[in-house]
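The block underneath contains the structure these notes are about, expressed in structure tokens.
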Amino acid sequence: MPSLKQSKGSNQHVSLDDVCFLMSSTIILDELLQEIEVFLPELVYCSRSSVGQKEFTATMQAGLKAEMTIIMNHDEYDGEKELEYNRVMYSVYRTFVRDDGNIELYCEVRVGGNSDIRNS
0 MPSLKQSKGS NQHVSLDDVC FLMSSTIILD ELLQEIEVFL PELVYCSRSS
50 VGQKEFTATM QAGLKAEMTI IMNHDEYDGE KELEYNRVMY SVYRTFVRDD
100 GNIELYCEVR VGGNSDIRNS
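So this is what it looks like as structure tokens:
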């Protein structure tokens with residue numbers, strides 16, 4: 000999707016005009032007092048970026064498969080380890096705080112499938 004905002008200044012400007020869901024979880028007790036993990040999606044504005052060759056190679060050597068990078072406002076990120084983007088679940092394996100107030104979330108496809116976690 001092309002950016003809706005005009006780019007100004009350096010090439011480091013990122014337009015956060017896409018959305019993803021950060022997935023946090025909490026444990027609740029059901030009527031039988033059994034613990035159930037419930038996922039709580041939080042919509043955030045972001046920008047998707049591809050993973051560079053060096054990152055892809057380094058993750059392959061570590062047994063991971065880098066898929067994409069999500070760039071978002073650092074203040075909205077609270078250490079979540081999973082996110083949903085375009086109905087696909089991803090695990091966050093690394094983060095990088097940028098100088099412009101944003102954070103990069105390096106993601107791989109979540110192990111265990113991609114069922115719609117919001118309907119769990």
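Each residue of the sequence shown is one higher than the one before, starting from 0 at the first, in numbering that gives the first Met the number 0.
Yeah, the Cβ is synthetic: ideal placement off N, Cα and C, and Gly gets one too.
Local Cβ density within 10 Å of residue i, reported as buried at 16 or more and exposed below that
{"i": "M88", "result": "buried"}
{"i": "L32", "result": "exposed"}
Supposed contact pair residue j and residue i - C-beta distance, whole angstroms, cut 8 angstroms
{"i": "V37", "j": "S24", "result": "7 angstroms"}
Rounded straight-line distance, which links the Cα of residue j to that of residue i
{"i": "C19", "j": "E66", "result": "15 angstroms"}
{"i": "I27", "j": "E34", "result": "6 angstroms"}
Cβ pair residue i, residue j closer than 8 angstroms
{"i": "V108", "j": "K53", "result": "no"}
{"i": "I69", "j": "R93", "result": "no"}
Among the options, the one whose alpha carbon lies nearest that of residue i
{"i": "L42", "options": "E79, Q33 and D99", "result": "E79"}
{"i": "V91", "options": "L21, D17, S14 and V13", "result": "L21"}
{"i": "E179", "options": "R86, A57 and E75", "result": "There is simply no residue 179 to check, as the chain begins at 0 and stops at 119 in what is shown."}
{"i": "D98", "options": "Y105, C106, N72 and L82", "result": "N72"}
Any C-beta of chain C under 8 angstroms from that of residue i
{"i": "R86", "result": "Looking for chain C here will not work: only one protein chain is present."}
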